[in-house]
């Protein structure tokens, strides 16, 4: 009886292993590499010259935005409970770093020498099947706006029909003051004001 239950457990273990292996193999297929929006990918502000590539699986024809999201502290699912008392001086510094006006000691507002995020990018959107280039543009010092626990800078918006798209972002220039920031590339539906 004990021998029978041991073989049964061994057989069950083999079935579980084969099932897990087949899921693992299917996860490495071309379709699994693409992501359905909205999603984010890490971005390292210290690595000027880096190129970021990802594939978006657009399941609904809409306008989509490629943005950079900058944070002092990377938010998580608990941030709305615990991160409410963040230092306003830190947010002011984030605002100024990303090209906002600054206050002098006398209280005067001084516009930055060049407004926007002190960085330059090349953004491309290419249809993965037809290889048609939907967008290819240089973005220099994109403007930023308040976003959740940080600031967001839109690099590009594009109307995209259903399909697979290769997104390529080249980080051409960046300033050292961006180095301490936590940053992500976001690909999501573009939101328009009323």
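Residue numbers (this note's numbering): 226 to 419.
Backbone N, C-alpha and C fix where the C-beta goes; we use that ideal spot for every residue, glycine too.
For clarity, every value in this text was computed on a predicted model and none was experimentally measured.
Among 265, 283 and 270, whose alpha-carbon lies nearest the alpha-carbon of residue 405? 270
Quick check: what's the CA-CA separation for residue 357 versus residue 280? 14 angstroms
Is residue 413 closer than 8 angstroms to residue 382 when the C-beta atoms are compared? no
Please work out which residues of its chain come closer than 7 angstroms, Cβ to Cβ, to residue 319, disregarding the five sequence neighbours upstream and downstream, and give them in chain order. 295, 297, 375 and 376
Going by DSSP, name the residue or residues bridged to residue 267. 409
Expressed to the nearest angstrom, what Euclidean distance is found between the alpha-carbon atoms of residue 345 and residue 407? Distance between the alpha carbons of residue 345 and residue 407 is about 18 angstroms.
Helix, strand or coil for residue 247 per DSSP? At residue 247, the pLDDT of 39 sits below 50, so the modelled position is not reliable; the number obtained from the coordinates is stated separately. Helix, per DSSP.
Which same chain residues end up closer than 6 angstroms to residue 379 when comparing Cβ atoms and leaving out the 5 residues on each side of it in sequence? 290 and 292
DSSP on residue 319, reduced to helix/strand/coil? helix
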